[in-house]
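Residues 77 to 710 in the numbering used here are what the sequence shown lists, from first letter to last. All C-beta atoms, glycine included, are put in the ideal place defined by N, C-alpha and C. First the structure, in the form of structure tokens, and then the observations on it.
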Amino acid sequence: MHRRSVLVGVAATVALLLGLTIPAAQAGPGTSLLGNSTAPYARQSNFVRPARSTEQVRLQVYLRWRNAAGAEAAAYAAATPGTAGYRRFMTPAAWRSRFSATTATVRRVREWLGSSGLHVGAVPANRLFVPATGSVRTAERTFGVSLGYYRVHGQVLRAPSAAPRIPSQLSSVVLGIGGLAQSRAHHDAPPPPGFRVGHPCSGYWGERFAMNKPPAYGGAQPYAPCGYRPAQLQGAYGISDLISNGTDGSGVTVAIIDAFAAPTIVSDVQTYSSRHGLPAPSITQMNAGPPYHGSTADQEGWYGEETLDLEAVHSMAPAAAMLFEGGKSDLDPDLLDRLNDIVANDRASIVTNSYGELGEALPKAIILAQHQVFEEAASTGISVLFSSGDSGDEVDTIGYRSADWPASDPLATAVGGTSLGVGPLDNYLFETGWGSTSSDLNGNTWTPKPPGDWVYGGGGGASRIFDEPDYQVGVVPSSMSGYFGGAARVVPDVAAVGDPNTGFLEGETQRFPGHKVKYDEYRIGGTSLSSPLMAGIVALAVQTSGSDLGLINPTLYSLAGSDAFHDVVNPRHRLAVVRANLNNGVDNSAGTSFVLRSLNQTESIHTVKGYDDVTGVGTPNGADFVNDLANGTP
77 MHRRSVLVGV AATVALLLGL TIPAAQAGPG TSLLGNSTAP YARQSNFVRP
127 ARSTEQVRLQ VYLRWRNAAG AEAAAYAAAT PGTAGYRRFM TPAAWRSRFS
177 ATTATVRRVR EWLGSSGLHV GAVPANRLFV PATGSVRTAE RTFGVSLGYY
227 RVHGQVLRAP SAAPRIPSQL SSVVLGIGGL AQSRAHHDAP PPPGFRVGHP
277 CSGYWGERFA MNKPPAYGGA QPYAPCGYRP AQLQGAYGIS DLISNGTDGS
327 GVTVAIIDAF AAPTIVSDVQ TYSSRHGLPA PSITQMNAGP PYHGSTADQE
377 GWYGEETLDL EAVHSMAPAA AMLFEGGKSD LDPDLLDRLN DIVANDRASI
427 VTNSYGELGE ALPKAIILAQ HQVFEEAAST GISVLFSSGD SGDEVDTIGY
477 RSADWPASDP LATAVGGTSL GVGPLDNYLF ETGWGSTSSD LNGNTWTPKP
527 PGDWVYGGGG GASRIFDEPD YQVGVVPSSM SGYFGGAARV VPDVAAVGDP
577 NTGFLEGETQ RFPGHKVKYD EYRIGGTSLS SPLMAGIVAL AVQTSGSDLG
627 LINPTLYSLA GSDAFHDVVN PRHRLAVVRA NLNNGVDNSA GTSFVLRSLN
677 QTESIHTVKG YDDVTGVGTP NGADFVNDLA NGTP
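In structure tokens:
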């Protein structure tokens, strides 16, 4: 019997995922408190100002699945090799009939919200939530709270100062409230203002060495690759022959979710494809509508992210159809809305998401609601992949070690990052764990002395909120799963190239000086690259299988140690690249500076033989990976 993945530390929350019916804490006659709908950052020490009474609030009232324990069991039954239910998926209609909230429940919640003065919107097909909008004044009166703004990790977010209240007669069906307490997804791709790669750079690993720069680690170091092209990554991950022979993603749809929607995304991917020998892309957009607030810079900051996602998927699965769903904002409920739309309506075989929270400290209601969507995805055959994060163990960003959510959910596949060496024949040379430190060229010296200061790296480590799933038992060392005591979920599950210093050449319409707007290409990375690359390779396995794969994690771990993976371990000697950076980002008119980026500097998480908390069970090894994942056996 599979060990259920549960949130730890909050008794009522644990009870929800275990399927127990425990009412919310009583708040007084006729009302119950929803403690999972507050924010951990809403402390007086972080308070900035009250919310203005006329501001608009957009809410999602999340409804519990019926038979929560059965929903969790169904998800794993469809995903676990060797069981009778392995890859025997439900239809969305069958899922709704067994687990979704009833139409009578939806009607009760709608009536309560409407009678409170809130405007109630359309409910999704799987009845996961009831959306509502209204003023701060109305929301405060409806839920018995005071809303204010709080400062957290450089952001200012709105949250209630205390737990919201709901009618006690609804406490058995309402999971939580999203939107009262805000949480904003994080991403790392650059905005459209023009950016170009500095020269010299290398066409492949080690093509050019910085002979006129100070040595490091006993010798001259290579210039960073200019940005790997699709053919190079296809070759390195061993899928070139598969693609040439027709295993190219045909008949498979990969969905990509991001905030907002780049206005040039289709034309950019078309231009990129024609320049790099890829077939014309098949792209469908189903955006949520006009953006809700968000500055121009905020929106543009996501444009590079979503263009990268599509180009990376298309590079690995050139014939796969791509569905892009853009959220109205980068707030978690809006992104959950897009994920739920794909799952509830069975719009894709695979979903890849290149965003996440810095850590796991956010309102529990959104975590629980998204976990319910993951349960439906796994049971209906949809594979959901998330980037593991770009800040390593998170100590430098949030002050303590943490995995990132949603990648830490055991029903999502967490994709970590590597540094990748591709040879002159598009051949695989090596991979190390992605963790980069930096030293500046100061005269004839690298300062600080290499390896220098930590910059970024693939996310990983033990979860603080999810228990270890059965599929990790016996594969993940207890030193990793027991890092915080007990036995925890550890991320990532698998990995692909993510290091920007050995990154991917992306093409995008950008704004350059002199009011010039044009398409150009630049090197980029992050696990924002790793996840869509992996999604593209998984699409080849879906095509090979002839059917959807659903949650792939149990199968991945059953293949651990086999030829399906490159096992990423510490290199035998120190590796580094010399990187040329244009001082103004676009040309050499302001000069070029040089930095030494040392590789495999992964802080408190480490690459080791076998499973590790930087690269998971490893990176895809060509046809062995594709065929074994498709067949479910080595």
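Inset, instruction - Answer yes if the segment 529 to 536 comes into contact with the segment 645 to 664, meaning at least three C-beta pairs across the two stretches below 8 Å, and no otherwise. - result: no
Legend entry - Own chain partners of G457 with C-beta closer than 6 Å, once the 5 adjacent residues on each side are dropped: Here residue 457 corresponds to residue number 381 of the sequence shown, with the count starting at 1. F165, D624 and G626, listed in sequence order.
Inset, instruction - Whole angstroms is fine: what's the gap from D721's alpha carbon to S391's? - result: The question about residue 721 has no answer, for the chain in this structure spans 77 to 710.
Legend entry - Reference S121; option with closest CA among N707, Y225 and V671: Taking the first residue of the sequence shown as position 1, residue 121 is located at position 45. It is Y225 whose Cα lies nearest to the Cα of S121.
Legend entry - Cα-Cα separation, A312 to G497: By 1-based counting over the sequence shown, the position of residue 312 is 236. By 1-based counting over the sequence shown, the position of residue 497 is 421. In a straight line, the C-alpha of A312 is about 8 Å away from that of G497.
Inset, instruction - Rank L109, S108, T114 and R272 by C-alpha distance to the C-alpha of A437 and give the top, closest one. - result: As a working mapping, residue 437 is identified with position 361 in the sequence shown. With distances taken between Cα atoms, A437 lies closest to T114.
Inset, instruction - Could you say if the segment 120 to 139 and the segment 192 to 211 meet the contact criterion of at least three C-beta pairs nearer than 8 Å? - result: yes
Inset, instruction - Mind the definition here: the segment 640 to 648 touches the segment 678 to 694 only if three or more C-beta pairs lie below 8 Å; say whether that holds. - result: yes
Legend entry - Beta-carbon gap between L651 and T473 smaller than 8 Å: On the sequence shown, residue 651 is found 575 positions in, with the first residue counted as 1. On the sequence shown, residue 473 is found 397 positions in, with the first residue counted as 1. Against a cut-off of 8 Å, the Cβ pair of T473 and L651 comes out as no contact.
Legend entry - Buried or exposed by the 16-neighbour rule on C-beta atoms within 10 Å, applied to D410: By one-based count along the sequence shown, residue 410 stands at place 334. The residue is buried, with at least 16 neighbouring Cβ atoms inside 10 Å.
Legend entry - Reference F506, options S248, C302, S222 and H649, closest by Cα: Position 430 of the sequence shown holds residue 506. Of the candidates S248, C302, S222 and H649, the one whose C-alpha sits nearest the C-alpha of F506 is H649.
Legend entry - Cβ-Cβ distance between A490 and V567 below 8 Å: Walking along the sequence shown from the start, residue 490 turns up at place 414. Walking along the sequence shown from the start, residue 567 turns up at place 491. Yes; because the gap between Cβ atoms is below 8 Å, this pair is in contact.
Inset, instruction - Let me know the secondary structure DSSP gives A441 once reduced to three states. - result: Working through the sequence shown from its first residue, we reach residue 441 at position 365. It is helical.
Legend entry - Residues bridged to M398 [DSSP beta-bridge criterion]: Sequence index remark: in the sequence shown, residue 398 carries index 322 (1-based). BP columns for M398 point to V330 and I359.
Legend entry - Proximity of L605 and G579 at Cβ, strictly below 8 Å: Numbered from 1 along the sequence shown, position 529 holds the residue referred to as residue 605. Numbered from 1 along the sequence shown, position 503 holds the residue referred to as residue 579. Their beta carbons are under 8 Å apart, which means L605 touches G579 by this criterion.
Inset, instruction - Could you tell me whether the Cβ of Q361 comes closer than 8 Å to any Cβ of chain D? - result: You won't find chain D in this structure, because it holds only one protein chain.
Inset, instruction - Leaving aside the five residues before and after W530 along the sequence, list all residues of the same chain whose C-beta is less than 7 Å from its C-beta, in chain order. - result: Indexing the sequence shown from 1 puts residue 530 at position 454. Excluding sequence neighbours, W530 sits near D472, T513, Q677 and E679.
Inset, instruction - Put R119 into one of helix, strand or coil per three-state DSSP. - result: Here residue 119 refers to the residue found at position 43 when the sequence shown is read from its first residue. Coil.
Legend entry - Per DSSP, the bridge partner or partners of T428: Looking up residue 428 in the sequence shown gives position 352. In the DSSP output, where bridge partners are listed per residue, T428 has I332 and L461.
Inset, instruction - For A103, collect the residues of the same chain with a Cβ closer than 8 Å to its Cβ; drop the 5 residues on either side in sequence, then sort them by chain order. - result: Here residue 103 corresponds to residue number 27 of the sequence shown, with the count starting at 1. Unreliable placement is indicated for A103, whose pLDDT of 48 sits below 50; the coordinate value is still reported in the next sentence. Contacts found: L109, G220, A239 and R241.
Inset, instruction - Taking V618 as the reference, give the member of A393, T585 and S554 with the closest Cα. - result: Here residue 618 is taken as the residue at index 542 of the sequence shown, counted from 1. Looking at the Cα atoms, A393 is the closest of the given residues.
Legend entry - G158 versus T631: straight-line alpha-carbon distance, rounded: To locate residue 158, count along the sequence shown from 1; it is residue 82. To locate residue 631, count along the sequence shown from 1; it is residue 555. In a straight line, the C-alpha of G158 is about 10 Å away from that of T631.
Legend entry - P486 to L139 span [Cα, whole Å]: In the sequence shown, the residue the question calls residue 486 occupies position 410. In the sequence shown, the residue the question calls residue 139 occupies position 63. When rounded, the distance between both Cα atoms is 21 Å.
Inset, instruction - Select from N577, L609 and H591 the residue whose C-alpha is nearest the C-alpha of Y598. - result: The count along the sequence shown starts at 1 and reaches residue 598 at position 522. Among N577, L609 and H591, the Cα nearest to that of Y598 belongs to N577.
Legend entry - CB contact flag (Y379, A338, <8 Å): Here residue 379 corresponds to residue number 303 of the sequence shown, with the count starting at 1. Here residue 338 corresponds to residue number 262 of the sequence shown, with the count starting at 1. Against a cut-off of 8 Å, the Cβ pair of A338 and Y379 comes out as a contact.
Inset, instruction - Kindly identify the DSSP beta-bridge partner or partners of A652. - result: Counting from 1 along the sequence shown, the entry for residue 652 is found at position 576. For A652, which the question treats as bridged, DSSP gives the partners S674.
Legend entry - Residue burial classification, A100 (beta-carbon count within 10 angstroms, cutoff 16): Indexing the sequence shown from 1 puts residue 100 at position 24. Its pLDDT being 40, under 50, A100 is placed unreliably by the model, and nothing is read from it.
Legend entry - Per DSSP, the bridge partner or partners of Y504: As a first step, residue 504 is located in the sequence shown; it is residue number 428 there, counting from the start. In DSSP, Y504 forms a bridge with V498.
Inset, instruction - Output the distance between the C-alpha atoms of I628 and G492, rounded to the nearest integer angstrom. - result: The residue you call residue 628 lines up with position 552 of the sequence shown. The residue you call residue 492 lines up with position 416 of the sequence shown. Between I628 and G492, the C-alpha separation is close to 15 Å.
Inset, instruction - Assess, as a yes-or-no matter, whether the segment 679 to 690 is touched by the segment 520 to 527 under the definition of 3 or more beta carbon pairs within less than 8 Å. - result: no
Inset, instruction - Quick one: using the 10 Å Cβ neighbour count with 16 as the cut-off for buried, is P267 buried or exposed? - result: On the sequence shown, residue 267 is found 191 positions in, with the first residue counted as 1. Because the pLDDT at P267 is just 47, under 50, the model does not fix this residue reliably, and the value given afterwards should be weighed accordingly. It is buried - the Cβ of P267 has at least 16 other Cβ atoms within 10 Å.
Legend entry - Exposed unless 16 or more other CB atoms sit within 10 angstroms - verdict on L501: Position 425 of the sequence shown, counted from the start, is the residue given in the question as residue 501. The residue is exposed, with fewer than 16 neighbouring Cβ atoms inside 10 Å.
Legend entry - Backbone CA spacing between S634 and T709 [nearest angstrom]: Residue 634 sits at position 558 when you count from the first residue of the sequence shown. Residue 709 sits at position 633 when you count from the first residue of the sequence shown. For S634 and T709, the distance between alpha carbons rounds to 8 Å.
Legend entry - Beta-carbon spacing of A488, F450 below 8 Å: Counting from one through the sequence shown, the residue named residue 488 turns up at place 412. Counting from one through the sequence shown, the residue named residue 450 turns up at place 374. Closer than 8 Å, so yes.
Legend entry - Supposed close pair A150, I426 - CB separation, criterion 8 Å: As a position in the sequence shown, residue 150 is number 74, starting the count at 1. As a position in the sequence shown, residue 426 is number 350, starting the count at 1. Contact doesn't hold; Cβ gap of about 20 Å is too wide.
Legend entry - Backbone CA spacing between S621 and T603 [nearest angstrom]: Start at 1 with the first residue of the sequence shown, and residue 621 comes out as number 545. Start at 1 with the first residue of the sequence shown, and residue 603 comes out as number 527. Their Cα atoms are separated by approximately 26 Å.
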